[in-house]
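These notes are about the structure you will find just below.
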DNA sequence: TGTTAGCACTCTTCTGAAGAGAGTGCTAAC
DNA sequence: GTTAGCACTCTCTTCAGAAGAGTGCTAACA
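Protein chains in written order, with our numbering: chain A, 1 to 347; chain B, 1001 to 1347.
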């Protein structure tokens, strides 16, 4: 994965081992880890006093912190980062998990309009966190077909299908009374005329048409542009129950999670940081771009076909989360979704 | 609204007034209501001792219950029911609220594909509960247009648009290698041939065609049938934060709410009970069809055009919720959605 | 010099007791 | 029929003490 902040400080072998154990223990239990617990639960080979000394050093160096004077230590954001970048090992989903996911996906393979939702739910389950998945967006949308359906004399429904297989439905006010027959004639003519064109290209050719045609074409360019505007990016999420079960988000804090997911606040915070094509990116605690995310760990990746189709997906969890599971899941899902996009778009 | 269980027992004027106050007070505060609180906070005109006597009678009659020997009383499900059916008064959203909602709706009026999601979020906000809204389903789906897009020699994407403006995208395995040109020819021919037909009607005409055409038509009938199958009904929900804030669903209980919303468990529990065309239906506590709903109040309505298009919408809250707000909101939203459907379909 | 045992100390969490607060049912008086 | 008074019950909060876990420091040890 991308290394956001290379860690320069050198830790001894033993310090690394201790830090690793503390992170793992804390992630598993959620409670501060003491020196005694460590010696009792793991075959460390040294006494608790030695561990204590090392822990003091690690705290000095900024990798651990004490929530209160006594009662064990927990990793700092920096500690997590060191763990993720140096100690964790390569995150790769077990082949069993991979097979299971592919198998599950096969069941919805034919219902293209449910891919994103399904991806979100699978990702949430394998990562054990809240997942978010954006509907893929193409760089430029091209007209494939549209239908005009008369609703009232001056009101019509426009159904727009793009080359990129996106669909949009819009209500359109008409500048003059128009019946279905006329709308159909107009649509037939304009469909062949504009097939395969982008919004920009359609705009250039607007001139020579009638008022009504011009107006419809305007709506179509508007619709096409909307399909690949960042602001209109739709996201689906899943797995809130996973994070609500965590003790750190039990009561009041639950609200902050929901607030993040609602209204795409999360998306707009994280999106600018993501560069397409990179591997999985990890934001831990204070490393996060937005204040509201300070108490979270975020693991994100882009998926799609280089430069043409892009989406993002990722998971959101407490800083104390299993980064290994999250990273491996996100990485795998990003690949899977990219493969699907490949099948769909690159012909 | 529909009166599920007409209440035969006769209460005196004063008992009704007291029950009404207790329900309102308990809904507002969430804490059991005592006789003293009542006399202090409302101008009841009698002493707390009298209230106590009346409360004892109401408890006897099954309208109130004591969570513990001392500490006030709370309404039973039956008490709520009596309140809702007899004491509450006509639930009608204030015209201010009505205007606000219509105004908000105007902003997404042209993005038809977002109506349902938006309706859910507005309903959640006005009712102050979790809302669910189903995507409207037409009784019978008729072909309007479809596109076949070649992905691989034996794999194509089918985009299906119905007269009823529903859209479905499906992957289709082809029985023989076929290129885009051939697919387009086939689509052109079949579109004009099947335009306006239902799944059944298309099926009847399958015979005389080529293998490939027959196969595509099969897929189309499958797709059309899927669009109005109950099992595939999609629902959107919104406002989980509203219910998670409630003390009764703070910790563990939150899970049960999420479980209900996930996987449409709620829908399948409530749907059989709903009869189209009726007004708002209210299920309080043990009145609910499913066990998992026992601790909830559910207010549901159908919307749509009589017999042709139907959807459901409603809210879910703790039994202790403001039924007045919920019922008035659900009723108004159902009307609003019905109006929108009217514009869309009845021409 | 690194490691370990021991110890005094700190801080959280659990437990139980005490007291305040709210509400009830009953009785007797109005 | 209504009300005041009273003893009683139950919850909730507070507080102190004990238990548990962990720490830093010191002195001894290999």
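Every residue gets a Cβ at the ideal spot worked out from N, C-alpha and C, and that includes glycine.
Residue 83 (chain A): not part of any alpha helix (DSSP H); DSSP gives it neither H nor E.
The DSSP-derived three-state label of residue 1171 (chain B) is strand. Any Cβ of chain A closer than 8 Å to the Cβ of residue 1127 (chain B) would place that residue at the interface, and such an atom is absent. Note on geometry: alpha-carbon atoms of residue 1343 (chain B) and residue 1230 (chain B) lie some 24 Å from one another.
Annotated as distal: residue 1261 (chain B) and residue 1254 (chain B), with beta-carbon spacing of 8 Å or more. Taking a beta-carbon distance threshold of 8 Å, residue 1233 (chain B) does not count as an interface residue toward chain A. For residue 1058 (chain B), the three-state secondary structure derived from DSSP is helix. Here DSSP, grouped into helix, strand and coil, assigns residue 46 (chain A) to coil. Residue pairing by DSSP places residue 157 (chain A) opposite A:149 and A:171 in a beta bridge.
Closest in C-alpha terms to residue 1037 (chain B), from the list B:1073, B:1179, B:1116 and B:1013, comes B:1073. Annotated three-state conformation of residue 1198 (chain B) is strand, per DSSP. Of the candidates A:341, A:116 and A:80, the residue whose Cα lies closest to the Cα of residue 321 (chain A) is A:80. Listed along the chain, the chain B residues whose CB falls inside 9 Å of the CB of residue 188 (chain A) amount to none; the nearest CB is some 11 Å away. In the structure shown, residue 237 (chain A) adopts extended strand secondary structure according to DSSP, grouped into three states. Of all residues in the region 133 to 146 of chain A, only 144 and 145 place a beta-carbon less than 8 Å from a beta-carbon of chain B. For residue 337 (chain A), the uninterrupted alpha helix (DSSP H) run begins and ends at 323 to 345, by DSSP.
Counting C-beta pairs closer than 8 Å gives three or more between the region 1314 to 1329 of chain B and the region 1293 to 1306 of chain B, which meets the contact rule. Annotated three-state conformation of residue 1065 (chain B) is strand, per DSSP.
Secondary structure at residue 110 (chain A): coil, using DSSP grouped into helix, strand and coil. A contact between stretches requires three or more CB pairs, one per stretch, nearer than 8 Å, and the region 324 to 344 of chain A meets this requirement with the region 117 to 132 of chain A.
Distance from residue 1087 (chain B) to residue 1020 (chain B) at the Cβ level is roughly 4 Å; contact confirmed, criterion being Cβ atoms closer than 8 Å.
Per DSSP, reduced to three states, the secondary structure at residue 1230 (chain B) is helical. Under the three-pair Cβ rule at 8 Å, the region 1171 to 1184 of chain B does not count as touching the region 114 to 124 of chain A. The three-state reading of DSSP puts residue 1205 (chain B) in coil, since its state is none of H, G, I, E or B. Identification of chain A residues near residue 1110 (chain B) by a Cβ-Cβ cut-off of 8 Å yields 170, 171 and 172, ordered along the chain. Across the set A:218, A:210, A:84 and A:40, the C-alpha of A:84 shows the shortest separation from the C-alpha of residue 319 (chain A).
For residue 141 (chain A), the closest alpha carbon among the candidates A:157, A:166 and A:49 is that of A:166. Residues of chain A with a Cβ closer than 7 Å to the Cβ of residue 1113 (chain B) are, in chain order, 168 and 169. Residue pairing for residue 1133 (chain B): DSSP places it in a beta bridge opposite B:1236 and B:1313.
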